[in-house]
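What follows is a set of notes on a single structure, which appears directly below.
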Amino acid sequence: MSYQIEYQRACAEPEAFWREQAQALDWFKFPKTVLSQDEHGMDRWFADGELNTCYLALDHHVANGRADQAALIYDSPVTDTKKTYSYQDLLNEVALFAGALKRQGVAKGDTVVIYMPMIPQALIAMLAVARLGAIHSVVFGGFAAHELAVRIDDAKPKAIVSASCGIEVCRTIAYKPLLDEALKQAQHSPNACIIYQREQQLAELQPGRDLDWNAAMSDATPTDCTPVKATDPLYILYTSGTTGKPKGVVRDNGGHAVALNYSMQAIYNMSPGEVFWAASDVGWVVGHSYIVYGPLIYGCTTVMYEGKPIMTPNAGEFWRVCKEYDVKTLFAAPTAFRAIRKEDPNAELLNKADLAGLRVIFMAGERLDPPTYEWTKAVTGKCIVDHWWQTETGWAICANPIGLEMKIAKPGSSTVPSPGFQVHVLDDQGEPLPPMEQGSIAIKRPLPPSCLPTIWGDIERFKSSYLNVYPGYYTSGDGGYIDEDGYVFIMGRTDDVINVAGHRLSTGEMEEVVAMHDAVAECCVIGINDDLKGQLPLGLVLLKNGYEEQADTVQEELIALVRQEIGALACFKIAMVVPRLPKTRSGKILRKLLRQIASGEEFTIPSTIDDPNSIYDIQELMAERGLIVEKLAG
0 MSYQIEYQRA CAEPEAFWRE QAQALDWFKF PKTVLSQDEH GMDRWFADGE
50 LNTCYLALDH HVANGRADQA ALIYDSPVTD TKKTYSYQDL LNEVALFAGA
100 LKRQGVAKGD TVVIYMPMIP QALIAMLAVA RLGAIHSVVF GGFAAHELAV
150 RIDDAKPKAI VSASCGIEVC RTIAYKPLLD EALKQAQHSP NACIIYQREQ
200 QLAELQPGRD LDWNAAMSDA TPTDCTPVKA TDPLYILYTS GTTGKPKGVV
250 RDNGGHAVAL NYSMQAIYNM SPGEVFWAAS DVGWVVGHSY IVYGPLIYGC
300 TTVMYEGKPI MTPNAGEFWR VCKEYDVKTL FAAPTAFRAI RKEDPNAELL
350 NKADLAGLRV IFMAGERLDP PTYEWTKAVT GKCIVDHWWQ TETGWAICAN
400 PIGLEMKIAK PGSSTVPSPG FQVHVLDDQG EPLPPMEQGS IAIKRPLPPS
450 CLPTIWGDIE RFKSSYLNVY PGYYTSGDGG YIDEDGYVFI MGRTDDVINV
500 AGHRLSTGEM EEVVAMHDAV AECCVIGIND DLKGQLPLGL VLLKNGYEEQ
550 ADTVQEELIA LVRQEIGALA CFKIAMVVPR LPKTRSGKIL RKLLRQIASG
600 EEFTIPSTID DPNSIYDIQE LMAERGLIVE KLAG
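Following numbering that gives the first Met the number 0, the numbering of the sequence shown begins with 0 at its first residue and continues without gaps.
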């Protein structure tokens with residue numbers, strides 16, 4: 000079936016279309032109602048259906064001839080470890096760990112926080128929580144204690160699952176001290192913490208609260224799957240919000256499973272039994288959707304890679320993994336390929352013959368710039384697909400739907416909307432814009448299955464953040480345009496959330512941390528362009544009187560403070576002391592204007608500015624520091 004026919008049917012007959020996709024799954028109770036609304040007026044999919052996501056990912060395949068097929072390949076160059084789990088192996092481990100969680104009081108509807116590195120136990124824990132009908136919230140391993148504490152207080156987990164340490168390129172990060180500090184800061188206390196001890200660094204366990212993973216498994220009894228409603232939550236995944244308070248995106252069980260199963264063929268053109276590799280982390284939505292759930296529900300083999308695109312040991316690792324495991328589809332963020340290009344610009348570590356089995360490379364998480372697209376295509380000789388999606392949707396809003404129809408690629412575009420996503424470009428009044436005109440990207444409701452139905456514990460925040468701006472639409476927060484051929488071009492965020500190497504981070508949250516320093520009178524954090532990571536945060540700081548001579552020291556302390564409170568992944572490395580910040584007469588800092596200066600764009604100084612000289616001062620400082628694309632005349 001061609002893309003156009005499939006897309007039009009999904010838009011015109013959504014209930015019939017998604018009922019057909021739901022029939023591909025092994026439900027405990029097939030839904031009679033496909034699309035309905037809940038008590039809050041939110042669209043819900045398959046409300047009267049019952050299933051279990053872990054059952055779909057493991058038990059179903061073991062019962063239908065895939066018991067001996069590889070389900071998970073673990074490849075860890077940082078520990079020199081490789082291990083393959085069959086579907087039967089994985090089911091045995093997951094059922095046992097579900098029993099261990101059950102002994103700690105975890106039951107249907109409870110929450111469990113998972114704070115783990117990229118090891119099989121993270122995936123096992125996620126599936127075990129789902130098996131119990133509970134709700135997991137995975138926090139990126141190594142996140143700062145304060146950030147972990149905020150998430151613990153919001154999710155209120157019955158249990159926390161963690162590991163003694165994570166392994167980075169040149170160092171080992173002790174997770175347990177971070178977890179202990181987070182629990183000191185948090186108001187909520189879990190029943191238990193189950194800790195997987197890694198030989199690279201053992202953790203000290205607290206009697207009465209902490210349990211050793213292996214000991215917990217040795218006393219456990221395998222547990223069967225608990226049926227849940229399709230609308231029951233599967234997980235909470237926190238994403239940055241402009242207020243500084245993270246938003247807990249809720250994913251349901253039924254719509255999520257239907258959409259991911261559909262996407263594995265329609266978007267990624269996979270067949271059951273083939274190897275799919277999402278080179279991401281289980282702490283992010285890509286890891287949830289396409290390391291864990293999507294490939295396993297569809298019956299593929301998934302790869303879990305504990306390493307980096309470079310330096311573990313070199314820029315040839317991606318190619319080595321693809322060859323060794325006969326990967327058919329590779330999915331990674333553009334920043335990974337920018338790093339590989341920087342280290343190996345002539346692709347000397349790549350032998351195209353090694354990629355004979357690889358069909359396509361997908362990229363997402365940030366805008367795929369045309370130079371990275373062209374380089375990757377040239378050195379690999381493969382089809383390169385840029386696709387756009389969000390934590391909130393759980394799968395691609397726009398893509399080249401190669402499982403339906405291969406579209407001609409346009410560098411800089413994420414191609415066309417996926418079936419079910421009615422994408423529009425709107426002006427400030429919510430009116431549709433014609434082709435080639437930039438505006439806010441919005442999606443007409445109802446959203447297709449898998450998209451978030453709410454924010455954890457805060458339905459009003461969900462409505463105000465996503466639904467109230469343009470009635471009848473979901474507001475993506477991204478800006479862009481659609482060309483005459485219907486291709487969607489995403490140009491960047493319309494709010495103050497920046498994208499650092501595929502990670503969405505709140506500049507407002509960074510500002511709060513910077514403002515904590517005793518020397519800081521006022522501050523502003525903006526995103527500036529970076530060839531490797533897409534964007535980097537730039538802190539502009541106004542010092543209190545008497546601290547001027549300590550400017551260099553203060554800048555170093557601010558960098559360390561952000562790293563401590565938010566984490567190294569923020570990549571906050573520049574805190575520039577300025578004589579004043581540009582503001583309107585009402586006191587609003589002109590952040591958009593600052594971003595335009597740093598990007599080398601033409602800009603107009605608004606009539607409401609309090610002091611025009613503040614703009615010229617910062618423009619001069621940015622140019623001197625090499626932070627400006629091109630110094631523009633005032």
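The beta carbon of each residue, even a glycine, is placed where N, CA and C say it ideally should be.
- A Cβ-Cβ separation of about 5 Å places T390 in contact with V248 under the 8 Å criterion.
- Leaving aside the five residues that flank R8 on each side, the residues in its chain whose CB is nearer than 8 Å to its CB run, in chain order, A15, F16, P418.
- For Y237, the closest C-alpha among the options V519, V112, I172 is that of V112.
- The Cβ atoms of R444 and D42 lie closer than 8 Å to each other.
- According to the DSSP assignment, F461 belongs to no beta strand (DSSP E) but to the alpha helix (DSSP H) extending over 458-461.
- When secondary structure is reduced to three states using DSSP, H187 falls in the coil class, being assigned neither helix nor strand.
- As computed with DSSP, W44 is found in a beta bridge with L34.
- Boundaries of the alpha helix (DSSP H) around Q20: 13-21.
- For the pair A335 and R319, the Cα-to-Cα distance works out to about 15 Å.
- When DSSP states are grouped into helix, strand and coil, I442 belongs to the strand group.
- For I266, there is no enclosing alpha helix (DSSP H), as DSSP marks it with neither H nor E.
- Across the set D251, N528, L90, the C-alpha of L90 shows the shortest separation from the C-alpha of Y54.
- Under the criterion of beta carbons closer than 8 Å, I565 and V519 do not qualify as touching, at roughly 16 Å.
- Within the same chain, Cβ atoms closer than 8 Å to the Cβ of V93 are found at C53, L57, I123, L126, A127, R130, the five residues on either side in sequence being excluded.
- In the DSSP annotation of this structure, K543 is not part of any beta strand (DSSP E), being labelled neither H nor E.
- By a beta-carbon distance limit of 8 Å, I134 contacts I235. Their separation comes to about 6 Å.
- In the DSSP assignment, Y289 forms no beta bridge with any residue.
- Per DSSP, the beta-bridge partners of W387 are C397.
- About 11 Å separates the beta carbons of L537 and L620, which is beyond the 8 Å limit, so they are not a contact pair.
- P245 sits buried, since 16 or more C-beta atoms from the chains shown fall within 10 Å of its C-beta.
- Annotation for A377: no residue places its beta carbon closer than 7 Å to its own, counting only its chain and skipping 5 residues before and after.
- Residue environment: R170 is assigned as exposed (fewer than 16 neighbouring CB atoms within 10 Å of its CB, all protein chains considered).
- When secondary structure is reduced to three states using DSSP, Y469 falls in the coil class, being assigned neither helix nor strand.
- L24 is the residue among D427, E623, L24 whose C-alpha sits nearest the C-alpha of A258.
- Between the alpha carbons of I296 and Q554 lies a distance of about 49 Å.
- In the DSSP assignment, H135 falls within the unbroken beta strand (DSSP E) covering 134-139.
- Contact holds between the segment 159-175 and the segment 301-311, because three or more Cβ pairs, one in each stretch, are under 8 Å apart.
- With a threshold of 16 other beta carbon atoms within 10 Å, G545 falls short and is exposed.
- In the three-state DSSP reduction, Y486 falls in the coil class, being neither helix nor strand.
- In this chain, the beta strand (DSSP E) harbouring N498 covers 496-499.
- In this structure S439 touches T474 by the C-beta definition: roughly 7 Å separates them, less than 8 Å.
- By the neighbour-count definition (other C-beta atoms within 10 Å, threshold 16), G393 is a buried residue.
- Under DSSP, Q437 takes part in no beta bridge, so it has no partner.
- A distance below 8 Å separates the beta carbons of N51 and C224.
- DSSP places G254 within a helical segment (H, G or I) once states are collapsed to three.
- From the listed residues I339, G104, S279, the smallest Cα separation to D530 is found for I339.
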